[in-house]
Amino acid sequence: MRLNLSAIIEIPGGSVPFDCELETDGLDFPSVRAYRAKPHAAGRVFNEDGILHLEGTLTADMICVCDRCGEEFDSVKEMPLDATIVEENPEDDPNLFVLEGNEIDLSEILATCFILDMETKFLCREDCRGLCPKCGKNLNLGPCGCRKSLDPRFAVLEQLLDK
Ligand SMILES: [Zn+2]
Ligand SMILES: [Zn+2]
Numbered sequence: 002m003r004l005n006l007s008a009i010i011e012i013p014g015g016s017v018p019f020d021c022e023l024e025t026d027g028l029d030f031p032s033v034r035a036y037r038a039k040p041h042a043a044g045r046v047f048n049e050d051g052i053l054h055l056e057g058t059l060t061a062d063m064i065c066v067c068d069r070c071g072e073e074f075d076s077v078k079e080m081p082l083d084a085t086i087v088e089e090n091p092e093d094d095p096n097l098f099v100l101e102g103n104e105i106d107l108s109e110i111l112a113t114c115f116i117l118d119m120e121t122k123f124l125c126r127e128d129c130r131g132l133c134p135k136c137g138k139n140l141n142l143g144p145c146g147c148r149k150s151l152d153p154r155f156a157v158l159e160q161l162l163d164k
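The C-terminal residue of the sequence shown carries number 164 in this note's numbering, and the numbering is unbroken.
If you want it as C-alpha cells, here you go:
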C-alpha cells in the first residue's frame, strides 16, 4: 500500500492517518509457525516543523514455536511504530525511509519496522524448562525419570570417585 503525503509535505502540523494490514509474504521467521491474521497497523504520518514522522502501533497475532521446548504457543506482538521519512538517505540509515515523489511505500516501511523489531528468542514462557537432554521429555510437564543433574562440583567429585 502506498500513502500519498502531498497534503502534508509542505504543511507543518498536518497529518495523514493510515490503517492497513500487512501481507505476510516475506515475513517468515523460523520460530513463527503461522499468523492467525494479517498483522495490522494503524497510525499517522505527521509533519513536525517540516520533518515527516510516522507513528502508530503494529499488532501481530502469531503462533510461535518455543526455542527451548519446541511447543507451539500463541504470541501477540504489539509494537510502537516510530520512523522518520526523508528525501534522501545517503548513509542508508535503517531507521530512515525515503519519500518517493509525494508518496511512501507504507507496506515496505511497516514490514521493515516489523522485521527489525522481531524478537531473537522465542520462549513459551520466561522460565520454560525445556527438554531433558537425556530423555527428551518436556520438563514443563513435570520431572522426568532421569537422575537429577548434580552440582557441577559434585559431578567432578563423583567422576573422581568412580575411578
Ligand atoms: Zn518452552
Ligand atoms: Zn530425562
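All C-beta atoms in this analysis are idealised placements derived from N, C-alpha and C, irrespective of residue type, glycine included.
Chain-order list of residues whose beta-carbon lies under 8 Å from that of glutamate 88 (same chain, five-residue window excluded): Val99, Leu100
3-residue-minimum beta strand (DSSP E) runs that sit fully inside the region 60-131, ordered along the chain: 73-87, 97-99, 104-106
Does DSSP put arginine 34 in a helix, in a strand, or in coil? strand
Give me the Cα-Cα distance between glutamate 73 and glycine 51, rounded to the nearest whole angstrom. 46 Å
Considering Cα atoms alone, identify which of Ala112, Ile9, Cys70, Glu104 is closest to asparagine 48. Ile9
Around the C-beta of isoleucine 105, are 16 or more other C-beta atoms found within 10 angstroms, so that it is buried, or is it exposed? buried
Please name the residue, chosen from Leu111, His54, Gln160, that lies closest to aspartate 20 on a Cα-to-Cα basis. Leu111
Arginine 69: beta carbon under 7 Å from a heavy atom of ligand 1? yes
To the nearest angstrom, report how far apart cysteine 67 and serine 32 are at their CA atoms. 7 Å
Close-in-space but distant-in-sequence residues of the same chain around proline 178 (CB under 6 Å, 5 per side omitted): Summary: the structure shown does not reach residue 178, with the chain confined to residues 2 through 164, and so no result is reported for it.
Measure how close the beta-carbons of phenylalanine 123 and cysteine 65 come, nearest whole angstrom, since I'm counting them as under 8 Å. 5 Å
Who are the near neighbours of phenylalanine 96 in its chain, counting only those whose CB is closer than 7 Å to its CB and skipping five residues on each side? At residue 96 the sequence reads asparagine, which differs from the phenylalanine that was named. Same-chain partners within the cutoff: Ala84, Thr85.
Using the beta-carbon count (16 or more within 10 Å), is leucine 107 buried or exposed? buried
Secondary structure at leucine 6, three-state DSSP: helix, strand or coil? coil
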